[in-house]
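Scroll down for the structure; my scribbles are underneath it.
Numbering (the numbering used here), first residue to last: 222 to 847.
Here it is, written out as structure tokens:
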């Protein structure tokens, strides 16, 4: 049963089409995962559904009485407001209804019909128990109602925002990157909250483990198109990969067919015959379709590698550090050697960033000292994005006035370099402040990787990045010849990148473990519960859609034929090109006339076969269309 239906929605920013006349139905009690590259329109879609933005065209239908609540990417501002005050903001509308009701109740001549309607609305929203619901939500999330927001960390501010979005008991809960700033225990807790939620949840997240656990269906946004996949996240990845391969193959076929028709039209006289007018019109249509095709941008990141560092990169001896009465580092000894890939993992506030700043010399320890190895060139990714000037252009932020930069000894134009990080020419000239969070992180990576380094220090590099960029970053770090030190709460990233981990358990306790997150977990690794949250259960298994009945043998044969066509066409094109090269060679005409005629006849047969294959391909594609 649909609770929301989007029809013909269209959104564009200038010439950039974000959502291209899309349709989407959202069902009751679903767990929808929204995927797509940074800037593809994921947050835009959620803002439309939340009523925070209007489409350029199209309509959104909501089930009558549907309650919608959104968790934005932005954190609540630090202020003197208490946690109770902020969570209570979720009930602003209900508070207004209560105010109207009490005004009418004290009026000498109240409108009884209006009072009745107000009472129904208040009861529907459980308005008489607002205080109880606020306190119950605050307690469930392990928060203290009287505490102000002034000194809360990003992780605790995120919990406050989650509490505010959840307190109103929505039917549709929209979560935009909810795991940002959360540590692993909090992410695991959030998985349980989403799975137990009695309504429909729609989640944008780069956390692949979370998506694996909670998603019952996937909504994918790509080049303005929205596709719904009624499968879990892993199955979606498999099917999506196959679809992109088919799309690429078909694009090559279409380009080859267009090239063939363009060659035909250049013959001139034949193309102008009356009986060929249909073919000319078809060519015009093919040209228009080619113009409309939106190519999928490719990410091509590269690190400017420096000379090798010394064998010992950093050596820490008896390092201790405290803030007020809180012990962060306690008599820590650590040796980082060239080529190490070390992950730092643990709850927020346990000292991970402090250790990195101490290693880099930006924080002075209370006791102990840090030895630095030789030939060290450091590249540092700072999660606060302080390296980015919001008013500067993307180009100036990276190039600093230069037209060319040097990567691995070769000059690269700044526009070309930025295009490797999927910044178009227009986007490269825009201000940093208009970029999405993921685009800003991608810009930080572009700025980082142009710097020659052999010791890469990354503090929460995965926040806001789309999954495709995450996977590319993982591959890049695999090939990096230097030393890597990374703080992250992304469990999949730890599994895919690091060879060992420093696990921060709190109160200055840090333990070293070989392997990634899954290895640590398999050995019984667990974090102590640092919150008062009561919902710690593992996420429930989602209901999987029933498998459709198998296709008929004939359908399978046609599908197999369609799959095999590209290789057959490619083989023919190769043979035709070889014959053309032979016939272009002056020595060809020194051969016997019989040989020349045989070659020309063979060429005609191959060209005829090629045309037949193209026609067959069109026929099979037409049959596949609904």
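Here a beta-carbon is modelled for each residue, glycine too, at the ideal position from N, C-alpha and C.
Computed from a predicted model, the values in this text were never measured in an experiment.
Ranked by Cα distance from residue 309, the first of 225, 414, 487, 366 is 366.
The stretch 421 to 428 and the stretch 683 to 691 touch, with three or more beta-carbon pairs separated by less than 8 Å.
Excluding residues up to 5 positions away in sequence, 315 lie with their Cβ nearer than 6 Å to the Cβ of residue 346 in the same chain. In the DSSP assignment, the residues bridged to residue 535 are 557, 593. In this structure, DSSP gives residue 615 a helical state, which the three-state scheme calls helix. Between residue 451 and the set 247, 732, 536, 746, the nearest pair of CA atoms involves 247.
Taking C-beta atoms as the reference points, residue 534 and residue 557 count as a pair closer than 8 Å. DSSP places residue 280 within a strand segment (E or B) once states are collapsed to three. Only exposed fits residue 480, as fewer than 16 other CB atoms lie within 10 angstroms of its CB. By the 16-neighbour rule on beta-carbons within 10 angstroms, residue 537 is buried. By DSSP's assignment, residue 731 forms a beta bridge with 725. DSSP places residue 690 in the helix class (H, G or I) of the three-state scheme. Counted as a single uninterrupted DSSP element, the beta strand (DSSP E) harbouring residue 676 occupies residues 676 to 680. Judged by their CB atoms, residue 442 and residue 255 are nearer to each other than the 8 Å cut-off.
For residue 473, the number of other beta carbons within 10 angstroms of its own is below 16, and it is reported as exposed. In the DSSP annotation of this structure, the continuous segment of the beta strand (DSSP E) that includes residue 441 starts and ends at 438 to 443. Per DSSP, residue 566 is one residue of the beta strand (DSSP E) stretching across 562 to 566. Judged by DSSP secondary structure, residue 406 falls within the alpha helix (DSSP H) whose first and last residues are 405 to 417. C-alpha of residue 271 to C-alpha of residue 291: approximately 6 Å in a straight line.
Ranked by how close their Cα comes to the Cα of residue 268, the residues 610, 232, 298 have 232 in first place. Cβ atoms of residue 636 and residue 652 stay farther apart than 8 Å, at about 17 Å. Residue 374 sits in coil when the DSSP states are folded into three classes, being neither helix nor strand.
Just measuring C-alpha positions, the residue of 362, 736, 423 sitting nearest residue 305 is 362. Of 672, 312, 828, 746, the smallest CA-CA separation from residue 600 is found for 672. If you check the CB distance, residue 240 and residue 265 come in under 8 Å.
In the displayed model, residue 835 falls within a helix according to three-state DSSP.
Assigned with DSSP and collapsed to three states, residue 719 falls in coil, not helix or strand. Using a Cβ distance threshold of 8 Å, residue 721 and residue 563 count as a contacting pair. Residue burial is scored here from C-beta neighbours: residue 329 has fewer than 16 other C-beta atoms within 10 angstroms and is therefore classed as exposed.
The three-state secondary structure of residue 421, taken from DSSP, is strand.
Distance check between residue 397 and each of 567, 369, 253, 743 places 253 closest, using alpha-carbon atoms only.
Exclusion of the five residues before and after residue 278 leaves 229, 230, 231, 242 as the residues of its chain whose Cβ lies within less than 8 Å of its Cβ. Between the alpha carbons of residue 549 and residue 471 lies a distance of about 57 Å. Ranked by how close their Cα comes to the Cα of residue 357, the residues 335, 387, 594 have 387 in first place. Under the DSSP assignment, residue 808 falls outside any alpha helix (DSSP H); it carries neither an H nor an E label. For residue 334, no beta strand (DSSP E) run applies; the uninterrupted alpha helix (DSSP H) run containing it begins and ends at 333 to 345, by DSSP.
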